[in-house]
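Positions 127 to 646 (my numbering) are the ones given, in order, by the first sequence.
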Amino acid sequence: MPPVRTRFAPSPTGYMHIGGMRTALFNWLWARHNGGQFILRIDDTDRQRNINEAVGPILRAFRWLELDWDEGVEVGGPHGPYFQSQRGEFYEKAAQRLVDDGRAYHCFSTPEEIAADRAAAEAEKRPYVHLRRSLELSDAQREQYRAEGRPCVLRFLIPRDRTVVIDDLIRGRVEFDSNLISDPVIMRADQSPLYNFATVVDDAHAEISHVIRAEEHLSNTPVQLLIHEALGHTPPQFAHVPFVAAPGTKEKLSKRKLEKYRNNPQFKRLFDRGDEILPKIGLGGSDGLDPVMVEYYERMGYLPAAMINALARLGWSLDDKTEIMSRQTIVDNFTLDRVIKAPAGLDPDKLQSYQVHWMGELSVAEKVNACLPYLTAAEYVADPPGEDVQEFVGRLVTALDDRIKVFSDILDYDEFFVADEDLQYDEKAYQKRITKPDDAVELLTKFQSTLETVEPFDAASLESALKQFVEDQETKIGRIIHALRIAVTGKPAGPGMFDCLELLGRERCLSRIAQTLKRV
RNA sequence: GGCCCCAUCGUCUAAUCCGGUUAGGACACCGGGUUUUCAUCCCGGCAAUAGGGGUUCAAAUCCCCUUGGGGUCACCA
Numbered sequence: 127m128p129p130v131r132t133r134f135a136p137s138p139t140g141y142m143h144i145g146g147m148r149t150a151l152f153n154w155l156w157a158r159h160n161g162g163q164f165i166l167r168i169d170d171t172d173r174q175r176n177i178n179e180a181v182g183p184i185l186r187a188f189r190w191l192e193l194d195w196d197e198g199v200e201v202g203g204p205h206g207p208y209f210q211s212q213r214g215e216f217y218e219k220a221a222q223r224l225v226d227d228g229r230a231y232h233c234f235s236t237p238e239e240i241a242a243d244r245a246a247a248e249a250e251k252r253p254y255v256h257l258r259r260s261l262e263l264s265d266a267q268r269e270q271y272r273a274e275g276r277p278c279v280l281r282f283l284i285p286r287d288r289t290v291v292i293d294d295l296i297r298g299r300v301e302f303d304s305n306l307i308s309d310p311v312i313m314r315a316d317q318s319p320l321y322n323f324a325t326v327v328d329d330a331h332a333e334i335s336h337v338i339r340a341e342e343h344l345s346n347t348p349v350q351l352l353i354h355e356a357l358g359h360t361p362p363q364f365a366h367v368p369f370v371a372a373p374g375t376k377e378k379l380s381k382r383k384l385e386k387y388r389n390n391p392q393f394k395r396l397f398d399r400g401d402e403i404l405p406k407i408g409l410g411g412s413d414g415l416d417p418v419m420v421e422y423y424e425r426m427g428y429l430p431a432a433m434i435n436a437l438a439r440l441g442w443s444l445d446d447k448t449e450i451m452s453r454q455t456i457v458d459n460f461t462l463d464r465v466i467k468a469p470a471g472l473d474p475d476k477l478q479s480y481q482v483h484w485m486g487e488l489s490v491a492e493k494v495n496a497c498l499p500y501l502t503a504a505e506y507v508a509d510p511p512g513e514d515v516q517e518f519v520g521r522l523v524t525a526l527d528d529r530i531k532v533f534s535d536i537l538d539y540d541e542f543f544v545a546d547e548d549l550q551y552d553e554k555a556y557q558k559r560i561t562k563p564d565d566a567v568e569l570l571t572k573f574q575s576t577l578e579t580v581e582p583f584d585a586a587s588l589e590s591a592l593k594q595f596v597e598d599q600e601t602k603i604g605r606i607i608h609a610l611r612i613a614v615t616g617k618p619a620g621p622g623m624f625d626c627l628e629l630l631g632r633e634r635c636l637s638r639i640a641q642t643l644k645r646v
C-alpha cells in the first residue's frame, strides 16, 4: 500500500470559504488518520493579482484551526514548487509528451468557430463535443497559420467509445461515456496550463494517493482520469464530498449569494452579530467579514475545537449518537466510508452548541487571555492591559461563567468598564423595575446605608447583608434585587447580583444608585 | 437542454452496503424543574423514511418509474 498523501489546492481568492475549509479538513483528517501526509498547494494558474494578499487569509485559517501541512506553501518539500504559477516546466514537459504520443493536438479553432459549432449542435438538439477541425488540417495549412501568428491552444484528445469508470470512495461506481466529453484545452496559447491538466500533473508529481474534493469536480474527473492514463500514471483514488449548503437549503453555499443569506433566519443572527461586534474592534461590519468566511468565526471569537467539531459533523458522523468530539477523537475515527452523499447545510445553531460545550472546557485564565484582546481593541481597557485590569477581567470572567459563548461576548458587558456617568440604562427594564414599582425608589434609597457599612465588600457579605435588609424591611428579595441590578448595571441581565456589586466596588455602586435615584 | 449526483424529523444525522429496530441521537422549538435576572444545567414533549410500482413471509433498506433538489457542461478553479 502506498502511503496516504492528500492535498488541498485552493485557488487564491483572498479568503477561506467555510465549505472549502470542510473539504480541507477531510483531507487533513484522512491523512492524519492514516499516518500519511497532507500537502497544501496553491492552484493559481489563472491569477494575476497579488498572490501574497490572496493566500494570506487561507493560511491564516489553517493556522487558526491548527491544521498543519507536511509539504507545501511556506514549509516547502520535495515536490515543490507548490504554486502552480511556478511549475511551468512540469506542464510543458507533460504536454510535449502528450503531443509526441498523439494524445494531444494543436487547435487553431477560433472562439467564433467554436461558438458556431456549439450553436449548430444545440439547434439540432445534439450534445456538443469539440469538432477537432484542426486535426483535418494539412501540414501546409498548419504552417501557414503559424506563420500568420494565429493563436493556437493545445487540446487533449479524448479517446472515443470508452466508458470511463470512477470508483469513487464516497459515491461508488460512476460511469461516463467518453463520446460525450469534449476535447479540453490543456494549454493556452501563452503556454499556461488549464486546471484539469495542471491538477493531474501536480497530483501525480506529488504522489497524491487520495483526491478528496467537492462534488462539483465529479464531472471533471473522467477527463482527469484519461489524462492520468495518457501520461502513464496510476491515478489517485477519488472521493467526492458533497458541497456545503447554505443554512436550511440544499444549495451550494456561495459568496455570490451573500445578500440573500442576510434574510436567512439562522444566518441573519450571525450577520447581525457581526455588524454589532466587528465595528467595535475596528474590523468594519459584515461587509468585510461574513459568515461564509472562516475568518468571520475566528474574529468573532469562536473556538477552533468548536469549529472543527461542527465542520467534521457536516456530512460525517462517528456513530448514531456521538456529537461532541475532540480533534483527536475525530482523527482516530475518521473514515471516508462514513461520509454522507447528500449535501449538508451549515447549521449555525449547532455550531453554537458545540461552541458552548468547548467553551466550558476552558480555564478562566484561557478565557481571560482570549477576551483581553477584544477589550483592548474596543478600547474598554488600556493596551496593554495592566495587572490590575487583568485581575479584574479574571474576576469578571469568573462571574460571567458560561454567559460568554464566544469571546467577543465580553463586549456586551461594557457596564463594568464605563465611567458611572456614561452608564446606559435599558429603558424598558428601567420602567419596569424602577419607575413602575411603588417601593423600588424607597428600598434603593434605604439600601444605600447598608452598602456603606457592609464589610468586607464581597459577594458573600453582600448577600447576607441584603437578606438581613429584606428581613428588616419586611419585604421580599424580589422587590429590591431587580431594581438594584438596573441601578448599578443599567441592564436587566448579567452575572449574579452580588458578583456585580463586588466587581463594581462600594464606591461605584453607591455612585450609580445615587445617579439612578436622581434620574427618577 | 445533455451528462452526472442526491433524496430519513424544521436542521445535522443513525439504521441502507449484508431487508426483520416501538425508525435512534443531537440542534432548534414547546412545556416543566433549578436559579435574585440572564446564561448554564436537569426532566419531558413535538417531529421523518418524497410519490408510485415491483421483488419478498417481510422494504427506509434491493429494482424500475415519477417528482423534487443539486452539480456540471469555459482558453475559471
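By construction, the Cβ of each residue, glycine as well, lies at the ideal position given by its N, Cα and C atoms.
Which residue or residues does DSSP assign as beta-bridge partners of residue i?
i	result
Lys378	Ala371
Phe533	Paired residues: none, contrary to the question.
Leu295	Partner(s): none; Leu295 has no beta bridge.
Leu166	Phe134 and Gly198
Ile338	Ala365
Trp442	Val465
Would you tell me roughly how many angstroms separate the C-alpha atoms of residue i and residue j, rounded to the nearest one?
i	j	result
Pro285	Asn305	8 Å
Phe188	Leu498	23 Å
Pro464	Asn153	It should be pointed out that residue 464 corresponds to Arg in this sequence rather than to Pro. When rounded, the distance between both Cα atoms is 14 Å.
Val580	Glu597	16 Å
Lys386	Leu379	11 Å
Pro138	Glu492	33 Å
Ser660	Asn495	There is no way to answer for residue 660, as the model of the chain reaches only from 127 to 646.
Ala609	Tyr556	8 Å
Ser235	Glu301	30 Å
Lys383	Tyr217	35 Å
Glu547	Leu629	17 Å
Asn459	Thr448	11 Å
Gly182	Ser479	30 Å
Ile403	Asp584	32 Å
Ala640	Tyr141	51 Å
Ile450	Glu355	43 Å
Val327	Arg297	24 Å
Tyr422	Thr375	21 Å
Val341	Cys278	Before going further, note that residue 341 is Glu rather than Val in the sequence given. Looking at the two C-alpha atoms, the distance is approximately 32 Å.
Ala315	Arg276	9 Å
Select from the options the residue whose C-alpha is nearest the C-alpha of residue i.
i	options	result
Phe164	Leu280, Val337 and Gly275	Val337
Asp120	Leu352, Glu333, Ala619 and Leu477	Since the displayed the chain opens at 127 and closes at 646, residue 120 lies outside it and no answer follows.
Trp195	Gln212, Ala157, Asn178 and Tyr231	Ala157
Leu193	His331, Ala246, Ile456 and Asp329	Ile456
Glu200	Asp243, Gln212, Leu185 and Leu191	Leu185
Thr360	Ala330, Ile240 and Asp546	Ala330
Arg645	Ala220, Pro136, Glu553 and Pro237	Glu553
Leu344	Ile312, Arg314, Ala356 and Val291	Val291
Gly414	Asp509, Asn435, Lys381 and Asp446	Lys381
Pro348	Thr289, Ala591, Cys635 and Lys406	Thr289
Arg252	Arg258, Pro204 and Arg244	Arg244
Gly400	Ile407, Pro391, Gln392 and Gly411	Gly411
His232	Ala242, Gly203 and Ser264	Ser264
Phe573	Phe595, Asp293, Ile334 and Asp625	Phe595
Lys406	Ala504, Gln363, Val567 and Gly486	Ala504
Gly214	Gly198, Leu166, Thr325 and Ile334	Thr325
Tyr254	Ser260, Leu261 and Ala246	Ala246
Asp565	Gly145, Asp509, Thr461 and Lys602	Lys602
If contacts are defined as beta-carbon pairs under 8 Å, then residue i and residue j qualify, I think. What distance do you get, rounded to the angstrom?
i	j	result
Thr149	Arg339	6 Å
Pro417	Phe397	7 Å
Leu437	Arg425	Actually they are not in contact, since the Cβ atoms of Leu437 and Arg425 sit about 17 Å apart, beyond 8 Å.
Asp170	Gln210	6 Å
Ala650	Arg131	The structure shown does not extend to residue 650, since the chain spans only 127 to 646, so no value can be given for it.
Leu627	Leu588	5 Å
Near residue i, which residues of its chain fall below 8 Å by C-beta distance, leaving aside the five closest residues on each side in sequence?
i	result
Ala470	Pro368, Val370, Ala371, Leu440 and Gly441
Phe323	Tyr217, Ala220, Ala221, Phe282, Pro310, Ile312, Met313 and Ile353
Ile177	Pro138, Ile168, Asp170, Phe209 and Ser211
Pro563	Arg605 and Ala609
Ala619	none
Kindly list the residues whose CB is nearer than 7 Å to the CB of residue i, restricted to its own chain and excluding five residues on each side of it in sequence; keep chain order.
i	result
Gln481	Tyr428, Leu429, Ala432, Lys531 and Val532
Arg388	Lys394 and Phe397
Pro319	Thr171, Tyr217, Ile312 and Met313
Met623	Ile607, Leu610 and Arg611
Asn346	Asn322
Leu191	Pro430, Met433 and Ile434
Short of 6 Å in beta carbon distance, which residues of its chain neighbour residue i, apart from the five on each side in sequence? Order them along the chain.
i	result
Ser575	none
Pro621	Ala525 and Leu526
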